[in-house]
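The number in my numbering is simply the position in the sequence shown, starting from 1, with 4 added. Yeah, the Cβ is synthetic: ideal placement off N, Cα and C, and Gly gets one too. Treat the numbers as computed from the prediction; the structure is a model and nothing was measured.
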Amino acid sequence: MESLIKSLDSLYCDSLTRYSRRKTIPVRVGDVLIGGDNPIVVQSMTTVDTMDTLGSVEQSIRMIESGCELIRITAPSIKEAENLRHIKAELRKRGYQTPLVADIHFTPNAAELAARIVEKVRINPGNYADKKKFEVIDYTDASYAEELERIRERFLPLVKICKENGTAMRIGTNHGSLSDRIMSRYGDTPLGMVESALEFLRICEDENFHEIVISMKSSNTQVMVQAYRLLVQKLNEGGFKPYPLHLGVTEAGEAEDGRIKSAVGIGTLLEDGLGDTVRVSLTEDPEFEAPVAKALIDRYTGRESHAPIADVSQYPITPFEHGKRHVTEIYNFGGHNVPRVITDISKIEKVADREMKAVGHFYLPELDKWKMNDQGCDFVYSGSNPIPFMLPNGMKEIQDFPVWSLAPDQVNKFPLFKLEEYKSSERFHSELNFLEISDLEIETAIPVVQDRKDTVLILKTANAHAMPALRRSFVGLLDAKCEVPVVVKVSYPDQTADMTMLYAATDVGGLLIDGLGDGILISLEKEEEHTRAEVLEQIKLHNTVSFGVLQAARTRMSKTEYISCPSCGRTLFDLQETTAMIRKRTDHLKGVKIGIMGCIVNGPGEMADADYGYVGSGKGKITLYKGKEVMKKSVPSERAVDELINIIKEDGMWNEPEAI
5 MESLIKSLDS
15 LYCDSLTRYS
25 RRKTIPVRVG
35 DVLIGGDNPI
45 VVQSMTTVDT
55 MDTLGSVEQS
65 IRMIESGCEL
75 IRITAPSIKE
85 AENLRHIKAE
95 LRKRGYQTPL
105 VADIHFTPNA
115 AELAARIVEK
125 VRINPGNYAD
135 KKKFEVIDYT
145 DASYAEELER
155 IRERFLPLVK
165 ICKENGTAMR
175 IGTNHGSLSD
185 RIMSRYGDTP
195 LGMVESALEF
205 LRICEDENFH
215 EIVISMKSSN
225 TQVMVQAYRL
235 LVQKLNEGGF
245 KPYPLHLGVT
255 EAGEAEDGRI
265 KSAVGIGTLL
275 EDGLGDTVRV
285 SLTEDPEFEA
295 PVAKALIDRY
305 TGRESHAPIA
315 DVSQYPITPF
325 EHGKRHVTEI
335 YNFGGHNVPR
345 VITDISKIEK
355 VADREMKAVG
365 HFYLPELDKW
375 KMNDQGCDFV
385 YSGSNPIPFM
395 LPNGMKEIQD
405 FPVWSLAPDQ
415 VNKFPLFKLE
425 EYKSSERFHS
435 ELNFLEISDL
445 EIETAIPVVQ
455 DRKDTVLILK
465 TANAHAMPAL
475 RRSFVGLLDA
485 KCEVPVVVKV
495 SYPDQTADMT
505 MLYAATDVGG
515 LLIDGLGDGI
525 LISLEKEEEH
535 TRAEVLEQIK
545 LHNTVSFGVL
555 QAARTRMSKT
565 EYISCPSCGR
575 TLFDLQETTA
585 MIRKRTDHLK
595 GVKIGIMGCI
605 VNGPGEMADA
615 DYGYVGSGKG
625 KITLYKGKEV
635 MKKSVPSERA
645 VDELINIIKE
655 DGMWNEPEAI
């Protein structure tokens, strides 16, 4: 990791160690206030065709009743924008006052009409006044200024209409739809995303229009977090008003993957007090999004009362670009190794070989051999319940030191020490030892392990403000130039699977985004007593969540990644059904990224860094991409998945699935 010391005055949040919501100007959207001292607002987006008035109304009501406080509806043309009037009237007639937001991409005339009807419009600066052709243009300062003047002329009517009608606006930059102009000058970067929004924001401020919310969304969590942080810094440095932020990860996907990916991006920012309204984008019915967003937000109720964390006087991390902390390689931790997964099985007595399938390892008795799937953990922590059989080569066992010290095999098993045990012990494994410490013990531990080449730290905290407390420990290691590998350990009391996904993704994912951490361990230590079957289910969840967090933070790609949009009224096919169908055929392609987009608005640009793309281009018609290159157009939907697989095969990225 680059040793760039950032002045705390130029940082993106009020404090790195004390929870504090960023203070923004309040923005009124109907009866809802975003920012200021107001609670974080939950929003979502309809998936019904906007011309289906009653369908849109019924779905909006389901969303409102699930906790949605703002309803966004696509308006891709004049006719949909006009129909927002009827949707709004019917909702009001039924007693629902929830504000509506018109989602606009390529059609300024639709935005200008919608701004007279609904309480807020969302525009994407990447395609509001530009047509994306993926061209590189060599601008002079004069020609670039001419482009900005053209944008002003195109955008100014909407600003005036919003001002006259009391309509709020979201300037929503998307990583995948940056204009050719921005890409040519700034590249595919967080700075390009920020500047894309600031071009439009300057026009609003020139007109004394300030009812604005800003977003910096990406399907890449690293880019998304960096862009929001940089936006705040640029707003501060540029003398702009502190506008509220809308948080979201685009095309997060479905089920566990979608929840984890959303939490890595959104949760990382919420930890530092950024964010005033949240949308979790899942490839599921929209009424399932609000409860997930609310679960993320509710975690910060009362967070101000957390235990104190030592201040950071100098910050040795560059928060606007990804860089990995330099770490000494010890066994298979640190160095150029991917982060490791340690799965806690310590509450299972005399674990059976068949039960190891919970951690991705499968014993085949008829062949007397082991197989491992893409989420086979690297280590299991057995604690004081040693495993009574020989493990496969792909997995190693960690035992509590008192157990290990009496074990017959002290070569293929590895000890876990508490700090006092470690300091007083004369017996260590020759290659790999684990030392578990809390964040409060970091200063004591550093001199003990500073010069050791055989020890990995297991770092945990009891602080409610967990991610910043753990991050503070990493700052201590960086300041001391201590390059020992660190596995981040988290543990939670009994809670729902969703909450475990969201909390672990926030607490560990936020560190991984900044290049901190060489492994993850979700512990069972705070769990109550359960049946054996229930414990095995928890172990399976912890194992898959661990791999999911590493993948969502872009630090270890262990499975196929699906960049799928959450559907909206523009969608040209059933996204949930299609995503499930594509996943069934391709989920064995480790590390391959497949974009599944409902329409051209969320097409090649929004897929950002996908390897292959499946995009709706008409009723029953699909366009297939390799990267951002169109490979086949107007493919009938019934043949499209087969054609997609053929493209992957022709590209040499296909392998046949192997049954386990």
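Buried or exposed by the 16-neighbour rule on C-beta atoms within 10 Å, applied to residue i
i	result
Val315	As written in the sequence, residue 315 is Asp, which differs from the Val given in the question. Exposed, since its Cβ has fewer than 16 Cβ neighbours within 10 Å.
Glu146	The amino acid at residue 146 is misidentified as Glu; the sequence shows Ala. It counts as exposed.
Lys221	buried
Tyr23	buried
Asp646	exposed
Asn178	buried
Lys623	exposed
Val105	buried
Gln101	exposed
Lys290	This sequence places Pro at residue 290; Lys is not what is there. With 16 or more Cβ atoms within 10 Å of its Cβ, Pro290 is classed as buried.
His340	exposed
Asn606	With a pLDDT of only 48 at Asn606, under 50, the local geometry of the prediction cannot be trusted, and the value read off the model is given with reservation. Buried.
Arg643	exposed
Glu353	exposed
Ala356	exposed
Leu410	exposed
Asn437	buried
Lys493	buried
Asp455	exposed
Leu20	buried
Thr510	buried
Gln230	buried
Ile664	Its pLDDT being 47, under 50, Ile664 is placed unreliably by the model, and the measurement read from it follows with that caveat. So Ile664 ends up on the exposed side.
Val415	exposed
Best match in the options for proximity to residue i [C-alpha to C-alpha]
i	options	result
Asn212	Gln237, Cys166, Glu531 and Thr193	Cys166
Ile175	Met197, Thr193 and Asp192	Met197
Glu255	Gly269, Phe244, Val31 and Gly242	Gly269
Glu342	Lys544, Pro489 and Glu654	Here residue 342 is Val; the residue named in the question, Glu, does not match the sequence. It is Pro489 whose Cα lies nearest to the Cα of Val342.
Leu58	Pro30, Arg98, Ala584 and Glu541	Arg98
Phe204	Arg456, Ile127, Val494 and Ile29	Ile127
Asn397	Gln403, Met376 and Tyr385	Met376
Ser183	Asp210, Thr171 and Val140	Val140
Cys72	Ala85, Gly40, Ser285 and Arg233	Ser285
Val282	Val453, Ala501 and Met49	Met49
Asp142	Glu157, Tyr190 and Lys164	Tyr190
Leu88	Glu430, Asp455 and Thr54	Thr54
Asn240	Leu439, His365 and Lys27	Lys27
Gly262	Asp502, Glu581 and Gly631	Asp502
Ile600	Arg358, Arg233, Asp276 and Thr583	Thr583
Thr590	Leu628, Glu581 and Lys563	Lys563
Lys588	Tyr629, Pro661 and Ala614	Pro661
Residues that residue i bridges to, as DSSP identifies them
i	result
Gly617	Gly599 and Tyr629
Thr347	Val384 and Ile526
Gln47	Leu74
Gly279	Answer by DSSP bridge pairing: none, since Gly279 is not bridged.
Ala106	Ile77 and Val125
Trp374	Tyr367
Met173	Val125 and Ile216
Val460	Phe438
Tyr132	In DSSP, Tyr132 forms no bridge with anything.
Nearest-angstrom Cβ-Cβ length linking residue i and residue j, presumed shorter than 8 angstroms
i	j	result
Ile652	Ser641	Going by Cβ atoms, the distance from Ile652 to Ser641 rounds to 18 angstroms, so no, they are not a contact pair.
Thr504	Val549	6 angstroms
Ala133	Ile155	5 angstroms
Glu199	Ile207	Glu199 to Ile207, Cβ: 13 angstroms. No contact.
Arg560	Leu515	That pair is no contact at about 14 angstroms.
Ile264	Val46	Not a contact, Cβ separation roughly 19 angstroms.
Leu520	Phe478	5 angstroms
Heavy atom of the ligand GTP within 7 angstroms of residue i beta-carbon
i	result
Pro343	As presented, the structure is devoid of all ligands, the ligand GTP included, so that no description of it is given.
Fill in: Three-pair Cβ contact test at 8 angstroms for the stretch 237–253 versus the stretch 211–225
yes
Worksheet item: Is the stretch 147–158 close to the stretch 115–124, with three or more CB pairs under 8 angstroms?
Response: no
Worksheet item: Touching or not, the stretch 327–347 and the stretch 517–534, by the rule of three or more beta carbon pairs under 8 angstroms?
Response: yes
Worksheet entry | Stretch-stretch touch, CB-based, cutoff 8 angstroms, three pairs: the stretch 59–70 with the stretch 325–333 | no
Discussion item. Is it the case that the stretch 369–376 contacts the stretch 414–433, given that we only count it when at least three CB pairs across the two stretches are under 8 angstroms?
Written reply: no
Discussion item. Check whether the stretch 381–395 and the stretch 300–307 are in contact - that is, three or more C-beta pairs closer than 8 angstroms.
Written reply: Verdict: no, contact absent.
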